[in-house]
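Single-structure report; data block below.
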Amino acid sequence: MSGMRGIELLGDWEPIPSSNAWILRIRLEMLGTKPTKDVYRFTEWGIIVDFSVDPWGKVQVHPSNGQEGVTATFEHQQYNGGVHPLWPVRNGHICSLSETHGFAASRNAMETEPTSTVHRVVWHAARALEWLQCAATDTLAVAGDHFELPDFDTGFRYTATESKNKVFTLAYYEDEVSFSHWKQSPFYAGTAAVSYLNHVAIVQEFKDHRGDKTVYEPSWGTAIDQLPSHQDALWVRLDEVPVINRWQVPATMKELTDAVASQGKSLIDLLRPSLAKLRTHNELLLFVGMPIPSKVKEEPYRYHWQALVLSPKTNASAKARISLVENTLRSSSPVRWVSRAENWHPNDLQSRGRISLPLRKANVLLIGAGALGAHLAEQLVRMGVTDMTIVDPDLLEAGNLVRHPLNLPQLNRNKAISVAYGLNHANPSASVVGLAVSATSKDKALEEAVNAATLVIDATASDTVLRELPFLGIAGQVPIISLSLGLHAQRLFFYSDSASSFDADAFHEWFEPFRVEEHLAALKEDMPRGVGCWHPLTPARLNRITGLAGIAVELIEQVYERQVSLPVGHCHSWQVPKLERVIRGSLA
């Protein structure tokens, strides 16, 4: 590396005390680019190699904490507002990894970072030089790049004693629709109703400064709606992300107040009316809202909310607390940002794997919460279905545990109700209802679910239920789908028709050849046996059930998106994968 243009070694490797990390100090020279007031011609850096994380050394490049270290915070850089708590450098390590590093780490892309320690260090040093060139020419984030927020982790940490009941994450619910709502709202500050779940503060409702008018109420699902809420937070809405020192979040209260003032607003004036109405003595959170774009240089499309601790728990009167907060906002006290903030809207929360939009909007009536039905419900709800009613009168038995997603705590409890409870806690937007009734009952709640359904799925494999379909009240265009598994879950049987023409006899005509094959196979089987009077128990392994449930999702999408003309039938056979011997050196 000593022979690379623009890179000068400032010494040998130094071990960092009380750690498994080493530091190599270097000086970088700007070549072919005009220096700026924030990026000098010569800057000094520390290359940290941490062997506690990676046996080959995780490499990070930090500005030096000396006079020639970069002090501004840029895009693609961590908070650079002070000295690192463990290492003899500044906080703000730069993002010197490639864009595909995350994919490469899970074997979904080629890894561009070298694997050996020395080659990694040389590679990161060269990347740091490129980063400096972009910082000096203001091209670290250009039009069309994905927008990235500044780093709100300013280094504040709760002590072990303090952390017991503290908030570590803020969860909010925003999209383009709520953004349009906010843009039409005259309110820029107020109080907020908040629920708490495992150190997560969940915003239930934004109210005006008096606390008696709803400004915006997120569309949470059943589980979050049922959490107890407390009106113990304040909110303020800004016109842009509050930053100082280029792209650095305010680290002191005065810096925050000044950053808001630069947008033509007084933070103290915005908060004062709400503080006068607030009656809580608990730790007081402030939610700071800021409009953000999807990509750099584009118009904002939704709000992002970031939380900070405005004042600790106190028994002071409302008047005294107002004075305390105002004095704090004018002081150099550190801003205790809640560094983690997450948008729990499905657009963000399910971005790594969703079903199609039409199916996500379906109101599903699922009959049967056995192994196939429960695993199918799990996949649909986790991938975006929010409105579902599950119908099953049966209780969970110990013998079900070998392939059912429910567990010991749900033994002897109703399957439908238990599955619904779990799914409401798997998707924050889900409103899943479990009905402990048979599909042929005259239950009023079942009748309401039938009338509301836009998709009916029968996973009971029961001819009795099939003969009752379509139920009275199902709209004619609603698809009805019948699902069942063959012996050993070797096959999935999928049949669908619209409610207006669904006919059990037509299903039986299609299914009859498969039924004969299943019957002949069953006669040759030594079936698992139940207790008491001999009766067979259908054998099927969990891995096949979950796999075929996934196949069912693909087929359901085709039907619900009207990709095919009904009626349709499909028999999908499970294929045991075949291993192939690898011949070493075949790619040489």
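Be aware that the sequence shown starts at 1, since it is given in the UniProt record's numbering, and climbs by one per residue.
For glycine and all other residues, C-beta sits at the position ideal for the given N, C-alpha and C.
Query, Result
"Inside the region 239-270 only - alpha helix (DSSP H) runs reaching at least 4 residues", "253-261"
"The ligand ADP heavy atom lying under 7 Å from the CB of V553", "No copy of the ligand ADP appears in this structure; indeed no ligand is present at all."
"Terminal residues of the beta strand (DSSP E) in which C571 lies", "V568 to S573"
"Separation of S418 from Q410, as counted between CA atoms", "7 Å"
"For K295, the residue or residues it bridges with in DSSP", "H146"
"Boundaries of the beta strand (DSSP E) in which F493 is found, first to last residue", "R491 to S498"
"V335 beta carbon less than 8 Å from that of P256", "The sequence given here places Leu at residue 256; Pro does not occur at that position. A contact, by the Cβ cut-off of 8 Å."
"The region 285-293 / the region 214-234 touching (three or more Cβ pairs under 8 Å)", "yes"
"P228 to A377 span [Cα, whole Å]", "27 Å"
"Inter-residue Cα distance where the pair is E283 and I47", "40 Å"
"Segment contact, 8 Å Cβ cut-off, at least three pairs: the region 324-333 with the region 163-182", "no"
"Residue(s) in a DSSP beta bridge with T169", "V200 and R340"
"7 Å CB neighbourhood of G368 in its chain, flanking five on each side removed", "D392, D458, A459 and T460"
"Rounded Cβ spacing between E240 and Q263 (contact assumed at less than 8 Å)", "6 Å"
"Expected contact under 8 Å - CB spacing of V203 and P218 to nearest Å", "7 Å"
"Cβ pair count under 8 Å reaching 3, the region 446-457 against the region 472-491", "yes"
"Three-way DSSP call (helix, strand, coil) for Q231 in this model", "strand"
"Secondary structure of P88, DSSP reduced to three states", "coil"
"Sequence-distant residues of its chain with Cβ nearer than 6 Å to T222 (five each side left out)", "N424 and S431"
"Distance, L270 Cα to S498 Cα", "56 Å"
"Spatial distance of L140 from F147 (CA atoms)", "11 Å"
"Local conformation of F507 per DSSP, three classes", "helix"
"Reduced DSSP secondary structure (H/G/I, E/B, other) of Q77", "strand"
"Same chain only: Cβ atoms within 8 Å of G211, ignoring 5 sequence neighbours per side", "G190, T191, Q231, S274, K277 and L278"
"Cβ contact check for the region 29-43 and the region 103-111: 3 or more pairs under 8 Å", "no"
"Sheet register partners of F287 (DSSP bridge)", "W235 and A307"
"Option in K34, K58 and P63 with minimal Cα separation from E44", "P63"
"Beta-carbon contacts of A201 that lie in its chain and below 6 Å, excluding the five residues immediately before and after", "V167, L170 and V194"
"Rounded separation between R25 and A135 - CA only", "20 Å"
"S98 to E130 span [Cα, whole Å]", "12 Å"
"Below-8 Å beta-carbon distance, L234 vs any chain B residue", "Annotation note: the requested chain B is absent from the structure, which comprises a single protein chain."
"Pairwise C-alpha distance: V89 and R27", "13 Å"
"V121, buried or exposed, once every other Cβ within 10 Å from all chains shown has been counted against 16", "buried"
"Environment of R515 [buried if 16+ CB atoms lie within 10 Å]", "exposed"
"C-alpha gap between H570 and Q558, whole angstroms", "12 Å"
"Where K58 falls: helix, strand or coil (DSSP)", "strand"
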